[in-house]
Amino acid sequence: MIDELRAQITNADEAILDAVNRRLELVAKLKAYKAGHGIGFVDSKREEQLLAHLADVNTGPLSDDGLHELFTALLALVKRELP
């Protein structure tokens with residue numbers, strides 16, 4: 037039972053990793069487009085809209101506070117990871 041649950045957790049972690057890497061790829065494309073068109077990279081209003089949308093669609097068990105903490109950290113990480 038423990039090994040099965042650990043394997044499922046590892047699979048979930050790998051899916052999260054894949055999703056984060058895909059997000060980085062997409063944001064890199066968006067950043068390049070914006071740079072090529074003279075548009076600033078960071079859009080605080082969009083980030084607020086994203087967090088509000090995710091809170092609306094979150095069915096749990098992740099709390100609203102946990103969701104905010106997770107995605108605020110993810111947004112900061114993405115900004116640091118992109119050249």
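Numbering-wise (the working numbering), the sequence shown opens with residue 37 and increments by one. From the three backbone atoms N, C-alpha and C, an ideal C-beta is built for every residue, glycine too.
With H, G and I counted as helix, E and B as strand and the rest as coil, what does DSSP make of residue i?
| i | result |
| --- | --- |
| ASN94 | coil |
| SER99 | coil |
| LEU118 | coil |
| PHE107 | helix |
Just curious, the alpha helix (DSSP H) that residue i is in, first and last residue?
| i | result |
| --- | --- |
| LEU62 | 38–72 |
Quick test of your reading: residue i and residue j, contact by CB under 8 Å. State the CB separation rounded to the nearest angstrom.
| i | j | result |
| --- | --- | --- |
| ARG59 | VAL114 | 7 Å |
| LEU86 | HIS104 | No, LEU86 and HIS104 are not in contact; Cβ-Cβ is about 11 Å, not under 8 Å. |
Going by alpha carbons, who is nearest to residue i out of the options?
| i | options | result |
| --- | --- | --- |
| ILE52 | GLU117, LEU110 and LEU118 | LEU110 |
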